[in-house]
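Numbering-wise (the numbering used here), the sequence shown opens with residue 1 and increments by one.
C-beta: ideal position from N, C-alpha, C; glycine also.
To start, the structure under review is shown below, and the notes come after it.
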Amino acid sequence: MPNLLANKSIIVTGAARGLGKAIADLIVQEGGRVLVADILDDTAGPDADTESRVYQHCDVTQAVAVRAAVDRAVAEFGRIDGLVNNAGVGITGPFTDLTETQFDKTVAVNLKGVFLFMQYVARQMLKQGGGGAIVNIGSAGSVVGTPELLLYAMSKHGVAGMTRCAGVELADRGIRVNAVCPGPVWTDMMRSAAMEMYGTDDPSEVARQQHVPRGDLGRPREVAEAVAWLLSERSINCNGSILMTDGGYTAW
């Protein structure tokens, strides 16, 4: 897909590392320009800015910070063509042990953060005359329930709902809103968790333990490819869609 996103200006939240970084990297490789919105200044701070990638410190739970990130993207690139809502937290534990503080943090990052960025970016897109693509990163937890993942699944179900509603509402202005929902993805964080839970760093063994039909875990680049497609005009007829990229994890 050479130059799939040529000259497109896209904000990616939570893109200092992991899946978000893989998404930002692919956007640049496909000819796009990226504003990385994150709080991990030491990982991807302004010293790493290039012509096609700039960093903005941004707490997605704060409207003033979200507005500043959107304004910065417009100042740097002249317009905004896309948004990827990737920032998120995953708090786990038995339902009966979860705290109100954990609930509030999950809602603030995984729901409020997505809402704020969608709203401010959609306003900018409308100001530009309409058109654009928003991709929210959901999860297998957007469609299924899992023990000890109540807060995460609750919030990711909410992301799916926001995606559908915003997609319908903005469709006649040419703004597409879709979600990519990965299953288990082989990141550094997943590798550490696998060693703790299963005593292995073999992704195929982890896939077997987690009953992934593919027999392997997804890779960040594979998820990024789906995101790039939804950001491009090649997915022009997709709106309000929930795209599962989980190796069949939720299909059975």
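Item	Value
For L4, the first and last residue of its enclosing beta strand (DSSP E)	Run containing L4: none; DSSP gives neither H nor E here.
Contact check, L231 vs A73, beta carbons under 7 angstroms	no
Assigned exposure category for G32 - 16 Cβ within 10 Å defines buried	buried
Same chain, Cβ closer than 6 angstroms to W229, five either side skipped, listed in chain order	S235
Spatial distance of Y198 from T146 (CA atoms)	17 angstroms
Cβ-Cβ separation, G240 to V177 (assumed contact under 8 angstroms), whole Å	6 angstroms
Secondary structure of G83, DSSP reduced to three states	A quick correction: the sequence has Leu, not Gly, at residue 83. Three-state DSSP puts L83 in a strand.
Through-space distance from M125 to L83, alpha-carbon basis	10 angstroms
Inter-stretch contact (C-beta, 8 angstroms, three-pair minimum) for the stretch 153 to 170 and the stretch 188 to 203	no
For G240, the three-state DSSP class (helix, strand or coil)	coil
Same chain only: Cβ atoms within 8 angstroms of V180, ignoring 5 sequence neighbours per side	V135, N136, I137, G138, V223, A226, V227, L230, L243, T245
Length-filtered (3 minimum) beta strand (DSSP E) runs lying within the stretch 165 to 229	175 to 182
DSSP three-state assignment for G14, whether helix, strand or coil	coil
Separation of G183 from V144, as counted between CA atoms	11 angstroms
CA nearest to the CA of K8, picked from A48, S52, I39, M189	S52
Three-state class that DSSP yields for D49 in the structure shown	coil
Where the beta strand (DSSP E) containing R33 begins and where it ends	33 to 38
A133 - containing beta strand (DSSP E), residue span	132 to 137
Assumed close pair G131, I80 - CB separation to whole angstroms, cut-off 8 angstroms	Incorrect: roughly 10 angstroms between the Cβ atoms, too far for contact.
Within 7 angstroms, strictly: CB atoms of V12 and V28	no
Length of the line joining the Cα atoms of V60 and A24	17 angstroms
Pair within 7 angstroms by beta-carbon distance, A122 and G141	no
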